[in-house]
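In our numbering, the protein residues as written are 3 to 73.
No residue lacks a Cβ here, since even glycine has one placed at the ideal position from N, Cα and C.
The structure under discussion appears below in the form of structure tokens.
In structure tokens, the structure reads:
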């Protein structure tokens with residue numbers, strides 16, 4: 003069986019750190035497919051605790067207190 007997290011790390015996917023989450027849980031920044039398909043432009047795959055997650059960069063910036071453009 004293929005270790006997906008190891009394969010993603012080998013391909014250069016970034017690790018999401020607790021500092022980037024600013025004390026929030028990973029569920030706060032997980033992609034919710036707001037566009038219906040996850041093709042909004044904010045979706046990124048990141049590694050967190052050795053697991054791959056689909057992360058919404060807009061939600062991540064809001065959690066960090068950085069306001070971005072509304073899509």
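Residue span of the alpha helix (DSSP H) that contains residue i, given as start and end
{"i": "residue 63", "result": "59 to 65"}
Distance between residue j and residue i (C-alpha atoms, nearest Å)
{"i": "residue 9", "j": "residue 17", "result": "13 Å"}
{"i": "residue 51", "j": "residue 27", "result": "12 Å"}
{"i": "residue 13", "j": "residue 7", "result": "10 Å"}
{"i": "residue 21", "j": "residue 11", "result": "19 Å"}
{"i": "residue 73", "j": "residue 62", "result": "Model confidence at residue 73 stands at a pLDDT of 46, short of 50, so the residue's coordinates are unreliable and nothing is read from them."}
N- and C-terminal bounds of the beta strand (DSSP E) containing residue i
{"i": "residue 49", "result": "45 to 50"}
Sheet register partners of residue i (DSSP bridge)
{"i": "residue 56", "result": "47"}
DSSP state of residue i mapped onto helix, strand, coil
{"i": "residue 42", "result": "coil"}
{"i": "residue 16", "result": "coil"}
Integer-rounded CB distance, given that residue j should sit under 8 Å from residue i
{"i": "residue 39", "j": "residue 58", "result": "Contact flag wrong, Cβ pair sits at about 13 Å."}
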